[in-house]
Every structure is written in C-alpha cells, then in structure tokens.
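Here's the structure we're looking at; comments come further down.
In UniProt numbering, the protein residues as written are 1 to 418.
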C-alpha cells in the first residue's frame, strides 16, 4: 500500500457503520417576518395602547417567548425608535409602523423619557440589547438629513436623556462626522440640541467627564462645516446657543493638548542637548502664540518635562544635576511673586504624587533657591499661607530647618542694615 493511500484512510471500528454527518440546519435571516410578527401584536391593541407604556412594554416582553429577540436585536431597536426596519431609502412600512415608537409619539421630554425607560427595562432583561442599540443608532443618525425636523427633535431629546442616564455612550455622536451631514450643518444642529438636553439632565461635571470619555471634547470642530471650522466660530456658535460651558471645555482640552506638546518638545530639546537660550526662545514664542498663557503655565510645563530618573540611590544627585540645567530657564519665567508661589505649589503637588520624590522636596526647593528661581520671601510666604493640603504635615516638618535658616538669615540682614 502506498504511503499516500495509507494517509488518506481513516480508522474505523469493526462492525460499526460510518454515518454521514448531517449538515447544520441554516435558519434563514428574515427580519421582515420578525417585524411583522411583533408589530401585529402591538397594532392589534388599537387605540388602547397609545400612551400606555406599561402595556407596551408587557406586549414586547410577552413576544420575547415567541420571537428570536437576540437574532433580531438590531431590528427590535429600529422598531422601538423609528417604528420599522431601516432599509435603503427609508423605513420599511408594508406591515405598518409601530404606533408606540419614538417617531410616532409626541415630542414632550416626559414622553421621550418613557421611551428611554422602556429601553432601559428591556436592556436590563436582555443584556444583548445594549450592543444592539449602539449598532442601530448610528444607522438611524446617518439619516438625520432625511428625517423631519420633528423626528430629529425627538431623536435629539432621546439621545440627550439616554446619554445623561448613561444608557448609551456619547461617542454614538461620532457617526455624525460625515461630509454630507456636516456641510449642510445638520450634524452641528443635532449635537447642539443633544448637549442642551444632556445639561438639563445632569451637571456640567458629569457632562464633561463623559465628553472626555467619548473623546469628543477635542474633536468638536469636526462637526462644523469646513468653511466655519475655526475656534472663533465655535465660540460664537455655542455662546449664541447659551452653551458657554462647551466653549470652556473645548478651550481647556486645547490647552491640555498644547501643554502635552510643549512638554514633549522640551524633553526632546533636552535629549538633543539644545542650549538653555534656545529653549527659552522656544518657550517665549509659545507664550506669544498662546495669548491667554501666563508665566505659571510655562513653569508647570518645564517642571513636567524634567526627568529625575527612577534610581533611589541617585535621586539627590539627579535632582541637583537636572535643576542646575533647568533653573536658568525657570528663572526667566518666574518674574513675579505669584509665579514663584505657583511654582512652589506645583513642586509640592508633584513631590506628593511621586513617592520617590517625597523625601527630596526640601532638596528640590533648596536647588531652586540656589538657582535664583525662588526668593526667600516667596518660600516664607508659601510656608505660612500658601502650602497645599497635600502632604502639608510631611513637607512642613521636612522644610522646618530650611525655613528657620531663611528666617535667621533675614533677621541678620535686618540687623546689618540697622
């Protein structure tokens, strides 16, 4: 027997017939039948169901025993929101529309809230609906240029309330960043109304947290038409809509991104052994470019760019070495007592948050004092009136000998003058 033939033979038990395995039964995907079956049970209730959300929910839950909700979960979400299956060109209506869907009921916030509650209760029972709604909504939202103004208002209110209740993520709005929606202003109108509804439901802190989580805080300009994609237009638009908070969030995000870029640039310049004068020149240009910046913004960036290393046995010498390089640069941007105090607080917070720096706080302040970055007056004022709560007792005890030394030196200077 050839080796090829022997390899093709399969082992078999003597006296046992090999049965051909049956092919897995393929179930036809038929969302149309699902829609027809579910809508029939709702429409049969007639006018008695209109406005009765408890009855509406019970009918849907009862149908879950007969219909494959998991298989057609996205179709179910479409039935809840727009009333029928979404197909190219609009909504499939040959079996009628869901009379209790979002689009068919009134636009009052209290009514829309009941739709959100229905979805919340269904999602709690059928966990897979959370993902299904996140998949369905983008398809629905990408037709906002086809929906009527009233339908869009209901959709905006629904998403605003649902996002505020954290039933769906704010990142769902990212799907509106499509040229055909942006250029006509449809995307901007939609997100503006969603933001208004959200802020009526939740605090600005709650909104800011979720906007950052969705990564929309730094991408708001993408929803503006190309010819209006400027910081100035963004500010004027949201202020006109009584949403100054959005402008503040956007500016803070932009400031944060700019600071990260400056810190990265400073790290690179140090690694490339750029001279302090060149670093100072770069930072001065950044202050000109960012008109709202002050010296403290620059000194905080400088401090965050300093790498003290991770070796505990070399920490003291590394702090000295690093601050000898950076002090001439810091000195240029600490021309006022206020800036000095802010830098002291920045260093205190940094040493509190980084355990390896905590016991070297006094050493760092002494190096900055020696480098003419911090004055006696600023250090004494900070110790008496401006020390942060973070690590206050630890740092006060650590700084006590240095503070006493500064006070004695000050007294000696006063005596010499007399």
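Cβ atoms here follow ideal geometry from the backbone N, Cα and C, with glycine treated the same way.
For the pair residue 365 and residue 287, the Cα-to-Cα distance works out to about 25 Å.
In the structure shown, residue 85 falls within a strand segment according to DSSP collapsed to helix, strand and coil. With the rule of 3 Cβ pairs closer than 8 Å, the segment 99–109 counts as touching the segment 42–55. Contact annotation: residue 67 and residue 36 have beta-carbon atoms that are not nearer than 8 Å.
Checking the DSSP bridge columns, you'll see residue 91 partnered with 86. Taking residue 199 as the centre and dropping the five residues before and after it, the same chain places the C-beta of 207, 243 and 245 closer than 8 Å to its C-beta, in chain order. Using a 10 angstroms sphere on the CB of residue 408, the tally of other CB atoms stays under 16, which defines it as exposed.
Secondary structure in the segment 314–371: the alpha helix (DSSP H) runs of 4 residues or longer, each lying completely within the stretch, are 315–332, 337–353, 355–358 and 361–370 in chain order. The C-beta distance from residue 194 to residue 156 rounds to 5 Å, short enough to meet the 8 Å contact threshold. Residue state for residue 176 is assigned as helix, using DSSP reduced to three classes. Looking at 58, 252, 127 and 278, the one whose alpha-carbon comes closest to that of residue 211 is 252. Scanning its chain for C-beta atoms nearer than 8 Å, with the 5 sequence neighbours on each side dropped, one finds around residue 233 the residues 224, in chain order.
Remark: C-beta atoms of residue 159 and residue 172 approach each other more closely than 8 Å. A buried status is given to residue 81, since no fewer than 16 other beta-carbon atoms sit within 10 Å of its beta-carbon. Residue 391 is positioned such that its CB atom lies closer than 8 Å to that of residue 352. Judged by their CB atoms, residue 295 and residue 258 are not nearer to each other than the 8 Å cut-off. In the three-state reduction of the DSSP assignment, residue 139 falls in the helix class, which pools H, G and I. Under the three-state reduction of DSSP output, residue 210 falls in the helix class. For the segment 47–75, the full-length alpha helix (DSSP H) segments reaching 4 residues or more read 53–63 along the chain.
Residue nearest to residue 305 within the set 214, 323 and 278 is 323 (criterion: CA-CA distance). Here the C-alpha atom of residue 138 lies approximately 19 Å from the C-alpha atom of residue 221. In this structure residue 84 is buried. Its beta-carbon is surrounded by 16 or more other beta-carbon atoms within 10 angstroms.
Non-local beta-carbon contacts of residue 326 in its own chain, meaning distances under 7 Å to residues more than five positions away in sequence, involve 302 and 306 in chain order.
For residue 284, the three-state secondary structure derived from DSSP is helix. In the structure shown, the three-state DSSP call for residue 225 is coil.
Just so you know, the alpha carbons of residue 30 and residue 75 end up roughly 10 Å apart. Straight through space, the alpha carbons of residue 113 and residue 104 are spaced by roughly 14 Å.
Counting every other CB atom within 10 Å of its CB across the protein chains shown gives residue 285 a total below 16, marking it as exposed.
For the options 319, 249 and 149, the alpha carbon positioned closest to that of residue 363 is the one of 319. In the DSSP assignment, residue 109 falls within the alpha helix (DSSP H) that extends over 109–125. If you compare the alpha carbons of 358, 404 and 397 with that of residue 376, the shortest gap goes to 404.
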